[in-house]
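Below is one structure, written out as structure tokens; comments come after it.
Number of protein chains: 2
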Amino acid sequence: MGKKMNVAVVGATGAVGVEVLKTLDKRNFPLKGLRLLASARSENRRLLFRDEELPVEVLSADSFQGIDVALFCAGAARSREFAAAAVAAGAVVVDNSSAFRMDPKVPLVVPEVNGEDVRKHQGIIANPNCTTTIMLVAVKPLYDISPIRRIVVSTYQSASGAGAKGMEELWTQTADVLAGKPAKPVTFQHPYAFNLFSHNTTIGENGYNEEEMKMVNETRKIMHDDTIQVCPTCVRVPVLRSHAESIVVEQARKVSVDEALAALSKAPGIKVVDDRAANHFPMPNESNDQYDVLVGRIREDLSCANGLALFVCGDQLLKGAALNAVQIAELLV
Amino acid sequence: MGKKMNVAVVGATGAVGVEVLKTLDKRNFPLKGLRLLASARSENRRLLFRDEELPVEVLSADSFQGIDVALFCAGAARSREFAAAAVAAGAVVVDNSSAFRMDPKVPLVVPEVNGEDVRKHQGIIANPNCTTTIMLVAVKPLYDISPIRRIVVSTYQSASGAGAKGMEELWTQTADVLAGKPAKPVTFQHPYAFNLFSHNTTIGENGYNEEEMKMVNETRKIMHDDTIQVCPTCVRVPVLRSHAESIVVEQARKVSVDEALAALSKAPGIKVVDDRAANHFPMPNESNDQYDVLVGRIREDLSCANGLALFVCGDQLLKGAALNAVQIAELLV
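Quick note, the sequences are listed as chains F and H, same order.
For the first sequence, the residue numbers in our numbering are 38 to 370.
For the second sequence, the residue numbers in our numbering are 38 to 370.
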């Protein structure tokens, strides 16, 4: 370590921004200074960080003087507008949005999977889509045993993917429904209380929504393997802040459950939760607020000789966003 | 039609039994008489049927005199204890439990899929597991175009699979959690409010739970095709009474989305809900209380040449149980 850094958090008052601050604190990130940036809506707010009340400054192109690392957590539009200014001011941008993920000049990094790609950056490093990050942490140790040819994945995604207002909507709408009132969707298009629906992103020509195509394309880029075939189905379920994923992989050779368990048990960023006798497997209520991705239900795919099935849960706001961004920043120290 | 029948409903006061009564009424089942049977717990209760208050009688081996069709909806133990008595009394048993499903002498029937198997009965006809029924209604029209070789399915199952007490637990536990109280699991092992968990059935040697193995074995029996490979992952989500399923099929030849859509649109028991522009696909809140299985998100599997992906929703208490049982009884008329 040694070096201390001036860090800016863009979107500091949002659901992910708040988790970035908590994570910087909990992981003792070597901070020289911390600058909180947000839109004019948050002007005059102050946020507590390590017993100190820090002012929230209004984001502008001049916000990045003296900053070493700028963690962008304010959506793709803000990233497109201000990332270049941050880079020009000498900062390295770690961008949590989709704005630059598929740009060939921008590394897309999950530290447990391709941490070494950080070194190739030209000012911007992208943080992958949350479902992709959580899936790849779980399957990378399997890929290292034998290359993965195909992934069929169905997701069970939480409200937090739509930010604090998404979580708020699930919470208050559920209370309304329990009180006999109608569900009033605002942030999400469809009723959410005791319901589920296909992911709320635009559907492309091929019938897949944007979230699903992120899983296809980002997986190949992060794994440096354009031959991996992915069939994703992304679904929003009435859960607050952890994503779950049912994953079936097909590998070049048959990998036994014991081999998989051994590899997953010692892999970074993973906690194996796979107690068949107790019927205890990964669940959102146990992955909430956790850094590790929970991996379980590891079993042979009954339908394919070289297949393995697993079920994973990860905190969407942490490993799916804030934690992964801070881990990338740690690699820059 | 013509013939009218004396019908007994075993477990008439349970979640499925109540739906059987509603379905017999709504579908104008040709009733001569209706006998409601339940355990001693429901003694002296009366249930309304077509403006008439019918007494609930205590189930015994003598309950079936004069009965033509006995619809058993009281769990496998009751079915094992009393089905033989019903058959001996001359009734045909339509059994909603898992007791006889894999018995080679017992047809396992989804009317839209293998209705003709009803004719082979020797006194008992079994109603399949709810997830299997809903899946097979959706994939049978595809199988008829080209045989299905493999199914990878992940389920999003509702509380109603555990009966009225399961639904009640999700409802009251969610209210508790919203009020800041801890989740108190009773019927289900794990917290259910804003959570999800692997299906609450025993896990076998191969790592699959009983619900999953039902999907494997019942699919082959109903489809009369032991070569179909199935890889199921069964998950309970905080939804009240409809199951959803993310299904990926591999077929003998490539079936286009247009071919699939055409076949599904005219198939019995299916309503296609597949509006990509409006992001409107099958959802539990729209399949609740519906007879049809909703089918949508029909798209080519990006990971496999002969693959198709779809997402389906069906009412667990209706097509998953009561409706399918009544439809079987209709085939007996």
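Every residue gets a Cβ at the ideal spot worked out from N, C-alpha and C, and that includes glycine.
Residue-chain proximity (Asn322(H), chain F), Cβ-Cβ < 7 Å: yes
Measure the alpha-carbon distance for Pro228(H) versus Glu206(H) and round it to whole angstroms. 10 Å
If you measure beta-carbon to beta-carbon, which residues of the region 253-265 of chain H are closer than 8 Å to chain F? Val253
Can you check DSSP and say which residues form a bridge with Leu71(H)? Val44(H)
Phe318(F): contacting residues in chain H (beta-carbon distance under 8 Å): Phe234 and Ser235
By Cβ distance, which residues of its chain are closer than 7 Å to Met38(H), with the 5 residues on each side in sequence left out? Its pLDDT being 47, under 50, Met38(H) is placed unreliably by the model, and nothing is read from it.
I need the straight-line Cα distance from Ala297(H) to Asp326(F), nearest angstrom please. 43 Å
Could you please give me the residues that DSSP links to Tyr193(H) through a beta bridge? Ala281(H)
May I have the straight-line CA-CA distance separating Arg313(F) from Glu242(F), to the nearest angstrom? 41 Å
Might you give, ordered along the chain, the residues of its own chain that have their beta carbon closer than 6 Å to the beta carbon of Lys157(F), omitting 5 neighbours on each side? Pro144
Counting only beta-carbon atoms, is Val150(F) nearer than 7 Å to chain H? no
Where Leu61(F) and Val363(F) are concerned, what is the direct C-alpha to C-alpha distance, given to the nearest angstrom? 7 Å
Please report the straight-line C-alpha distance between Val57(F) and Pro305(F), rounded to a whole angstrom. 20 Å
Which residues in the same chain as Ile284(F) place their Cβ atom closer than 8 Å to its Cβ, once the five residues preceding and following it in sequence are excluded? Met172, Ala175, Val176, Ile188, Val189, Val190, Ala346, Leu347, Phe348 and Val349
When the Cα atoms are used, what is the spatial distance from Lys59(F) to Asp311(F)? 29 Å
Along the alpha helix (DSSP H) that carries Ala210(F), what are the first and last residues, could you check? Note on identity: in this sequence residue 210(F) is Gln, with Ala being the wrong assignment. Segment Gly200 to Leu215, the alpha helix (DSSP H) holding Gln210(F).
Cβ-Cβ distance between Arg336(H) and Gly244(F) below 7 Å: yes
Compute the beta-carbon to beta-carbon distance between Thr168(F) and Glu248(F), rounded to the nearest angstrom, for a pair I have assumed lies under 8 Å. 7 Å
Buried versus exposed call for Leu360(H) [16 or more other C-beta atoms within 10 Å across all chains shown]: buried
Taking the C-alpha atoms as reference points, what is the distance between Val55(F) and Gly48(F)? 9 Å
Under 7 Å, Cβ to Cβ, is there at least one residue of chain F near Cys271(H)? no
Can you find a C-beta in chain H that's less than 7 Å from the C-beta of Met38(F)? Bear in mind that the predicted position of Met38(F) carries a pLDDT of just 46, short of 50, making it unreliable; the figure below should be weighed with that in mind. Cβ-Cβ to chain H under 7 Å: no for Met38(F).
Mind checking whether Thr170(F) and Glu282(F) have CB atoms under 7 Å apart? no
For Ala128(F), name the three-state secondary structure that DSSP assigns. coil
If contacts are defined as beta-carbon pairs under 8 Å, then Ala246(H) and Cys271(H) qualify, I think. What distance do you get, rounded to the angstrom? The sequence given here places Asn at residue 246(H); Ala does not occur at that position. Between Cys271(H) and Asn246(H) the Cβ distance is about 6 Å, and since that is below 8 Å, they are a contact.
Contact residues within the region 331-342 of chain H, judged by C-beta distance below 9 Å to chain F: Gly333, Arg334, Ile335, Arg336, Glu337, Asp338, Leu339, Ser340 and Cys341
Going along chain F in order, which residues have a C-beta closer than 8 Å to the C-beta of Cys268(H)? Val285, Asp338, Leu339, Ser340, Cys341, Gly344 and Ala346
Look at the Cβ atom of Met204(H), then the Cβ atom of Leu277(H), and state whether they are nearer than 7 Å. yes
Kindly identify the DSSP beta-bridge partner or partners of Gly333(H). Phe348(H)
What does Phe231(H) reach in chain F if we use C-beta pairs closer than 7 Å? Pro275, Val276 and Leu277
Within chain H, partners of Ile188(F) - CB distance below 8 Å: Ser340
Which whole-angstrom value describes the C-beta separation of Leu108(H) and Val93(H), a residue pair presumed to lie in contact below a C-beta threshold of 8 Å? Contact flag wrong, Cβ pair sits at about 14 Å.
Return the residue from the list Asn133(F), Tyr180(F), Glu153(F) and Ile185(F) that minimises the CA-CA distance to Asn164(F). Asn133(F)
Contact set between Pro219(H) and chain F, taken where Cβ atoms lie within less than 7 Å: Those do not exist, as Pro219(H) stays about 11 Å from chain F at its closest Cβ, beyond 7 Å.
For the alpha helix (DSSP H) that contains Thr169(F), what are its first and last residues? Cys167 to Ile182
Close Cβ partners of Val124(H) (< 7 Å) along its chain, the five nearest in sequence each way excluded: Val130, Gly160 and Ile161
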